[in-house]
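Take a look at the structure below.
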Amino acid sequence: MFIGVYNLPNAITLIGLTLSLMSCFLSYNNKIEFAIVCFMYSGICDLFDGMVARKMTLNEEAQLFGVQLDSIVDVVSFGVAPVMITFHLGFNSPIDYFLLIFYTCCATIRLAYFNIHGTSGDGKVQYYTGLPVTFSAVIFPLAFITIMSGNQSLYFNLIRLTFLLVSVMFILNVKIPKPGGIFYVISPIVAIFLTYFWLSH
Numbered sequence: 011m012f013i014g015v016y017n018l019p020n021a022i023t024l025i026g027l028t029l030s031l032m033s034c035f036l037s038y039n040n041k042i043e044f045a046i047v048c049f050m051y052s053g054i055c056d057l058f059d060g061m062v063a064r065k066m067t068l069n070e071e072a073q074l075f076g077v078q079l080d081s082i083v084d085v086v087s088f089g090v091a092p093v094m095i096t097f098h099l100g101f102n103s104p105i106d107y108f109l110l111i112f113y114t115c116c117a118t119i120r121l122a123y124f125n126i127h128g129t130s131g132d133g134k135v136q137y138y139t140g141l142p143v144t145f146s147a148v149i150f151p152l153a154f155i156t157i158m159s160g161n162q163s164l165y166f167n168l169i170r171l172t173f174l175l176v177s178v179m180f181i182l183n184v185k186i187p188k189p190g191g192i193f194y195v196i197s198p199i200v201a202i203f204l205t206y207f208w209l210s211h
């Protein structure tokens, strides 16, 4: 009746998409703390949808559909959502426009590259080529903490530098070791800690 593949991993992916869209809506309404929290948990969804998929027996069509769906959602979750949050934090100068657009372009290029190269071959991948876009769901919520310093110049320049470095790391041809299973434990703990931090300020 409907096109597409409907299973648990894809449901988790779409929950992540929902959270990232909520992040955009909340930032537009100046509810930045809630926007950052939604952004973080979209990253948690992206972390676990692949893990769930690998534990299931999926046919080739379901596997291919899941990979494509995940990459398309990642463009919104990690290419657009952090840009929307940052823009509504007051980053609206010409240099900010350049950095934010450059960031989204680099994230999109990385995801397109992954669609071609990241899904080929057999066996477990021991490293990433370039920085995975999902890492932005940890990097930016941590970087945004500098807003609490009260030093506006430090805050703005640090966020700009972070966007530039992360953008370059997305497309840099460098091998980054893939985190082990402990990453699936640490990431939710960090997300819970940052949730408490952001919602209590």
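The C-terminal residue of the sequence shown carries number 211 in the numbering used here, and the numbering is unbroken. Where a beta carbon is used, it is the ideal one built from N, C-alpha and C, also for glycine.
Closest by C-alpha distance to residue i, when choosing among the options
i	options	result
W208	P187, L152 and F173	L152
P187	N102, L57, Y137 and L31	Y137
I82	T139, V200, G160 and N20	N20
S33	L164, Y194 and S87	S87
V178	D84, I111 and T67	I111
F180	I169, T28, P189 and A122	A122
F58	I192, M94 and F108	I192
F49	S210, I202 and H211	I202
C115	F173, A45 and F35	F173
T118	D84, P198 and A45	D84
Q1	M61, H98 and I126	This structure gives no information on residue 1, because the portion of the chain shown stretches from 11 to 211.
P142	I196, F44 and K185	K185
R170	P189, S159, D56 and F150	F150
Nearest-angstrom Cα separation, counted from residue j out to residue i
i	j	result
I54	G26	8 Å
G133	A63	Confidence at G133 is low in this model, with a pLDDT of 48, below 50, so its placement is unreliable and no value can be given for it.
Y263	F101	In the structure as shown, the chain begins at 11 and stops at 211. Residue 263 is therefore absent and cannot be evaluated.
D106	T156	17 Å
Q162	F108	20 Å
Beta-bridge partners of residue i, as assigned by DSSP
i	result
K185	T139
Burial state of residue i, where buried means 16 or more other Cβ atoms lie within 10 Å
i	result
V47	buried
F12	exposed
Y16	exposed
L175	exposed
T96	buried
L74	exposed
Backbone secondary structure at residue i - three-state DSSP
i	result
G53	helix
N102	coil
N40	coil
H211	coil
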